[in-house]
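Take a look at the structure set out below.
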Amino acid sequence: MSYGPEEHYKGLSPELEKCRHSAAHIMAQAVKRLFPEAKITIGPAIETGFYYDFDLNKPFSPEDLTRIEDEMRKIVKENYPFLREELSRGDATLLFEKMKEPFKVEILNEIKEDRVSTYRQGEFLDLCRGPHLESTGKLKAFKLLSIAGAYWRGSEKNKMLQRIYGTAFPSQQELDAYLKQIEESKLRDHRKLGKELGLFSIHSEAGPGLIFWQPKGGRVRWVLENFWRQEHFRRGYEFVYSPHVARLELWKTSGHWDYYRDSMYPPMELEEDQYVTKPMNCPGHILMFRSGVRSYRDLPLRFAELGTVYRFERTGVLHGLMRVRGFTQDDAHIFCTPQQLQGEIQSVLELVDFMMKIFAFTYQVALSTRPEKFAGQLEMWDKATQALEEALKARNIPYKVDPGEGVFYGPKIDIKLIDALGRPWQGPTIQVDFNLPERFEATYVASDGKHHPVVMVHRAVWGSMERFLGILIEHFGGAFPLWLSPVQVKVLPITSDEIPYAQEVKQRLVKEGLRAELDDRSEKIGFRIREAQVEKVPYMLVIGGREAQGHTVAVRERKKGDLGVMDLDAFLKKAQEEVEQKSA
RNA sequence: GCCGAGAUAGCUCAGCUGGCAGAGCACGUCCUUGGUAAGGACGAGGUCACGGGUUCGAUUCCCGUUCUCGGCUCCA
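Note that our numbering numbers the first sequence so that position 75 is 72, with each residue one more than the last.
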């Protein structure tokens, strides 16, 4: 499973493409003016802007970025036309050799066409397919954003280059809107909100990539887990628990030791035996499946577990809750007959749809088919792929096909969820697995009295509690819907005279199952409201003399503000209904 | 792991070119009883991430380690 937000290439309009690609050239020109020793490599337009990679001995500093940007403004002002020239590949190679641009020469060596094109603006010339703006003066709005290391041709084995990221738009308004969106994303950063709202923490004393759920985050997770169990039980899942460590031998049988060792914590020696912490739950579940003779009458068997796994991830890739070393998957393995496969996939798709709607995510579906290297029989692959495809069709789900993108052990359906800011995240996954049943000789007895290999479906709806909560934090900007909020209601007496009634109100709410807290500190009401707002508490009940007298509450909603006075019972009913409906 | 940047009070951050460590918020005590987003006074808080080095003297300069951040690569 991968970490998002990931590349979600909608394809740029030709206009935007030209604008950004030209911006990249102008940046390269500016860099060459300021750092003549820099070697140019490639500089494409990307969804969020553009970049250009340079080979230069000394690193760019943030001040350099400003200087480069200023130089770019000059180039825009100088308004050079972008001039296209065509020449033979051989001539181009000679040209770039003369210019001492070895990376361009390397690219030319791999180009198959005989004719190539270059673009010139002023003194700067680059090998490029184009197209470009008419002239540098047409670049209206751009900004350089960051400096980063990037491998030449994206390979770890190659030299590390220096990449400068920037963005450009046809108009200043569009640029401003984009910069504002970046700010908005920063405000929603789950690491920032997680700290501010007391949801979770990470401690260097304990180690990187290990999450500690603080009380507030613990509440949210607890609510989510209960909901998850309830929905799964309703849908015929059984809950199992499997140990966190197991003999190394088990992981050799499953194949993980061969294929996945780099991501596993190394073995522990115990009484002349070796144990490893689990990086996945599947081998445990398959042991449980295999613990007795299974008849086709017993199937399907759906083993679900909020299973905590540990994977070694390189420090450089760790990221808040999104990429961690210890996490809890909302895992389940479905053991069924080939005939049942399509129906089971449909049920999972139904569950996925249900879950996505609950949290107000939209989503996109992709079907990944057989890769070149694969386990199992061809015939099985075809049947399984067909089952996945038919399940999607039966449920009228639009999807695209990613040919050859399946895992070696089986085809899969991957679902990307789109959050409130339109950002995509790797979400639910449904994978058919031919490999493990074979390795473990997991079979069932069919009506013919013979053993047949069982079909195993591996699926996760949320992925992991950590990542899903991270996505939820960003999706809701920390303002969880009522049913998920760690503190749902804050009771705020105006003066100390109303404390007894406020206590009564709070206790009533708690008794009725709401997570209510009383803030009776001797602070002004405005101050306590502000604090509750900052904590993103959905409802504040302001209680003054009038309310205490009339057994009412003055309701304030965090987004809509003052809702006016209500009977306590009326508020209770309203809140309970909202919780029940899980309105997002 | 790689390139770059960073680590100063619980949090957010200031501290120019070496000379006994600062602000706001939060926290504690007291005053204030205030009707829908910040009332006031006083106070406590630091091995300047850790370990070495240079120096009369290091939060500041150098090296290493750990962790964090932006990317790259990786990611069943």
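Built from N, CA and C at the ideal position, the CB exists for glycine as well.
Treat the numbers as computed from the prediction; the structure is a model and nothing was measured.
Check                                                                                                                      : Outcome
Residue range of the alpha helix (DSSP H) that includes Arg436                                                             : 432 to 436
Segment contact flag, the segment 408 to 423 with the segment 351 to 366, C-beta cutoff 8 Å, min 3 pairs                   : yes
Beta-carbon proximity check, Ala21 vs Gly163, cutoff 9 Å                                                                   : yes
Helix, strand or coil at Tyr293 according to DSSP, with G and I counted as helix                                           : helix
Pair within 9 Å by beta-carbon distance, Glu495 and Ala545                                                                 : yes
Asp53 in three-state terms, based on DSSP                                                                                  : Here the sequence assigns Leu to residue 53, which means Asp is not the residue at that position. DSSP places Leu53 in coil when its eight states are reduced to three.
Alpha-carbon to alpha-carbon, Glu82 and Arg456                                                                             : 54 Å
C-alpha gap between Ser590 and Gly460, whole angstroms                                                                     : With the chain running from -2 to 581 in the structure shown, residue 590 is simply not present.
Whole-angstrom distance between Val550 and Val562, CA atom to CA atom                                                      : 6 Å
According to DSSP, residues forming a beta bridge with Arg456                                                              : Ala329, Ile427
According to DSSP, residues forming a beta bridge with Gly373                                                              : Paired residue(s): none; Gly373 is not in a bridge.
C-alpha distance - Asp52 paired with Leu158, whole-angstrom precision                                                      : 5 Å
Whole-angstrom C-beta distance between Ile331 and Arg299, which should lie under 8 Å                                       : 5 Å
Residue nearest to Tyr307 in terms of C-alpha spacing, selected from Val242, Phe358, Glu386, Ser201                        : Val242
Cut-off 6 Å between Cβ atoms - residues of its own chain near Leu122, not counting five sequence neighbours on either side : Thr115
Ser85 classed as buried or exposed, judged by whether at least 16 other C-beta atoms fall within 10 angstroms              : exposed
Where Asp67 falls: helix, strand or coil (DSSP)                                                                            : helix
Cβ neighbour criterion (16 or more within 10 Å) applied to Asp430                                                          : buried
Cβ-based neighbour list, Lys397, same chain, cut-off 7 Å, excluding 5 preceding and 5 following                            : Ala363
Rounded separation between Lys109 and Gly87 - CA only                                                                      : 11 Å
Rounded separation between Pro297 and Pro56 - CA only                                                                      : 59 Å
Rounded straight-line distance, which links the Cα of Arg112 to that of Met24                                              : 26 Å
Cβ neighbour criterion (16 or more within 10 Å) applied to Ile179                                                          : exposed
Selection from Lys156, Phe139, Lys140 that minimises the alpha carbon distance to Ala147                                   : Lys156
Whole-angstrom C-beta distance between Arg543 and Leu489, which should lie under 8 Å                                       : Actually they do not touch by this definition, with Cβ atoms about 14 Å apart.
Straight-line gap, Lys192 to Val102 (C-alpha atoms, nearest Å)                                                             : 50 Å
Start-end ranges of the alpha helix (DSSP H) lying completely within the segment 182 to 247, minimum 4 residues            : 187 to 193, 212 to 231
Gly204 beta carbon less than 9 Å from that of Arg322                                                                       : yes
Range of the contiguous beta strand (DSSP E) that encloses Val562                                                          : 558 to 564
Three-state secondary structure assigned by DSSP to Gln118                                                                 : strand
Environment of Trp422 [buried if 16+ CB atoms lie within 10 Å]                                                             : buried
Segment contact flag, the segment 385 to 405 with the segment 435 to 446, C-beta cutoff 8 Å, min 3 pairs                   : no
Residue from Asn76, Ile37, Arg160 with nearest C-alpha to Glu94                                                            : Ile37
Cβ-Cβ distance between Glu302 and Tyr238 below 9 Å                                                                         : yes
Leu511 versus Arg527 - alpha carbon distance                                                                               : 21 Å
The segment 180 to 190 contacting the segment 61 to 78, beta-carbon criterion three pairs below 8 Å                        : no
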